[in-house]
Amino acid sequence: MPELPEVETIAQGLARRVRGDLIHSVWLGRKPEPLKSPARQIAATLDHAHIAGVRRMGKHIVFDLERKNGGKNTAAQFIVHLGMTGRLQVCEPQSEISKHTHAIAKLASGRELRFIDPRRFGRLSVARAGNFDPVGMEPLEIDFDRFLSLFRGRKTAIKSALLNQKLLRGVGNIYADESLFRAGIRPRRRASAIRREQLANLLAAIKEVLKEAIALGGSSISDYVDAQGEAGFFQLQHRVYGREGEPCLSCKTPVKRVVIAGRSSHYCPRCQK
DNA sequence: ACTATTTCCTGGATGC
DNA sequence: TGCATCCAGGAAATAG
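In this text, residue positions in the first sequence follow my numbering: the first is 8, and each later residue adds one.
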C-alpha cells in the first residue's frame with residue numbers, strides 16, 4: 008500500500024534507472040485496463056518520448072517527457088498511481104512477464120518498464136506538461152498556518168481529514184495512524200475541535216514520520232516493493248499500525264483498532280486523547 | 001459545501 | 001485437503 012514515502016522511494020529509484028532513456032514503443036493490455044486517459048492518447052504521448060525525469064506528487068509518480076515533433080519540442084507527463092498493489096518494474100525484455108501486467112514500455116537502452124497491478128486499483132494517465140496538479144498540499148512542504156486552515160470548520164474525524172487527498176496529498180492509512188500516535192491525538196477526534204498546540208504537534212509528527220520512513224525506504228507490507236525490487240524497512244518502526252491487541256510501546260496498554268471511514272485505525276487509548 | 005457510505009478488485013488468511 | 005468467506009484499502013461515485 009504505497010503512500011508518500013513508498014512512492015517517493017519508488018520515484019527516486021526509477022529516476023536513477025530510466026532518466027535519460029527513450030521510450031521506443033508502448034504496449035497496453037486490452038481493456039478493461041486501469042487507464043484514466045484513452046489508450047491511444049497514452050500510447051501517442053509515450054511513444055518516442057525522452058524521459059527527462061521522474062518525481063513524486065502526492066501518491067502519484069510523474070514521468071516528465073520530452074518529444075521532438077519535426078522541429079519543435081513538446082513536453083508532457085506520464086502519471087502513474089499505484090493504487091494498492093501496483094508496481095513499476097524495470098527489467099530485461101527476456102524476463103518473464105508476470106500475471107497482471109497491464110503495460111510495457113520498451114526503452115532504447117534495451118530494457119522494459121512494466122506496470123503490474125493484480126488488484127487494479129492503480130491508474131495510468133497522461134497530461135500536457137505542467138497540467139497535472141492534484142489538489143491538496145504536500146505534507147512535507149506545508150507551513151503551519153496553511154495546515155491549520157485545512158481543519159477549520161471541519162467536523163469530520165481527524166483521521167478522515169488526514170486521509171483526504173484534497174487537503175493533504177500523500178498521507179495514507181499507515182502514516183495517518185502513526186502520526187496521530189506520535190502527536191497523542193485520538194483518530195476519532197473532530198478535526199475542528201483540536202487545539203492549535205496539538206495541531207502543531209500533529210504537523211511535526213507527520214513530517215517526522217514521513218521523513219523517517221523515506222530514509223528507510225518506506226514500509227513494506229505484503230505487496231509493496233520499490234523500483235529495484237527491494238522491500239522497505241519502515242514497517243519495523245510502526246508503533247500502532249497493525250498492532251491491535253499488542254502493548255503500546257510507551258505505556259503497555261493494548262493497542263485498539265476501530266474502523267473510521269471504512270479504514271482500520273489503530274491507537275493507544277491511554278496515550279492518545 | 002460537506003460528509004458518510006459504497007464500489008471497484010484479487011490474493012492471502014482464516015474457518016469449518 | 002478443499003472450499004467458502006472475509007479482509008486489506010485509495011479514490012471515485014453515490015447518497016444524504
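Glycine included, each C-beta is placed from N, C-alpha and C at the ideal position.
Nearest neighbour of residue i, chosen from the options [CA to CA]
i, options, result
"G77", "K66, G65, H55 and V87", "H55"
"V142", "Q101, S271, G93 and M64", "M64"
"E40", "A110, D71 and A198", "A110"
"S32", "F85, P45 and A115", "A115"
"L256", "S271, N138, L170 and R277", "R277"
"E119", "L35, N138, F158 and G177", "L35"
"K113", "A22, R197 and V97", "V97"
"E13", "T92, Q172, A136 and F151", "T92"
"I165", "K79, F154 and R197", "R197"
"L53", "A18, S132, R195 and F154", "S132"
"E185", "V87, A212 and R130", "A212"
"F158", "G20, K173 and G177", "K173"
"D150", "K43, A22, L210 and I49", "L210"
"A51", "G90, P146 and I30", "I30"
"A134", "K79, I49 and L217", "I49"
The alpha helix (DSSP H) enclosing residue i, as first and last residue numbers
i, result
"V14", "L11 to V25"
"L217", "R203 to A222"
"A51", "A46 to L53"
"R189", "N180 to A190"
"S156", "F151 to F158"
Residue burial classification, residue i (beta-carbon count within 10 angstroms, cutoff 16)
i, result
"K104", "Residue 104 is actually Ile in this sequence, not Lys. Label assigned to I104: exposed."
"P254", "exposed"
"T260", "exposed"
"S229", "Because S229 sits at a pLDDT of 46, beneath the cut-off of 50, its placement in the model cannot be relied upon, and the point is left open."
"D124", "buried"
"K280", "exposed"
"A168", "buried"
"S156", "exposed"
"N180", "buried"
"E204", "exposed"
"Y274", "buried"
"E251", "exposed"
"D71", "buried"
"E99", "exposed"
"Q101", "exposed"
"V266", "exposed"
"E219", "exposed"
"Q106", "For the sequence presented, residue 106 should be read as Lys rather than Gln. Flag for K106 reads exposed."
"F188", "buried"
"S199", "exposed"
"Q244", "exposed"
"K75", "exposed"
"A183", "buried"
"R193", "buried"
"K162", "exposed"
"F85", "buried"
"T16", "buried"
"R66", "Contrary to the premise, residue 66 reads as Lys rather than Arg in this sequence. It counts as buried."
"A22", "buried"
Limits of the unbroken beta strand (DSSP E) element including residue i
i, result
"F85", "K79 to H88"
"A59", "H57 to M64"
"I165", "Where I165 is concerned, there is no enclosing beta strand (DSSP E), although the alpha helix (DSSP H) it sits in stretches over I165 to L170."
"V33", "I30 to L35"
DSSP bridge partner residues for residue i (one or two, in chain order)
i, result
"K75", "N80"
"R270", "I267"
"C98", "E119"
"V142", "The partner list for V142 (beta bridge, DSSP) is empty, contrary to what the question assumes."
"P261", "P254"
"H67", "M64 and H88"
"L42", "L131"
"L175", "M144"
"R197", "A164"
The ligand HEM heavy atom lying under 7 Å from the CB of residue i
i, result
"A83", "Among the components modelled here there is no ligand, and therefore nothing to report on the ligand HEM."
Ranges of the beta strand (DSSP E) found wholly within the region 102 to 133, counting only runs of at least 3: If we require 3 residues or more, the beta strand (DSSP E) runs fully inside the region 102 to 133 come out as 108 to 114 and 119 to 123.
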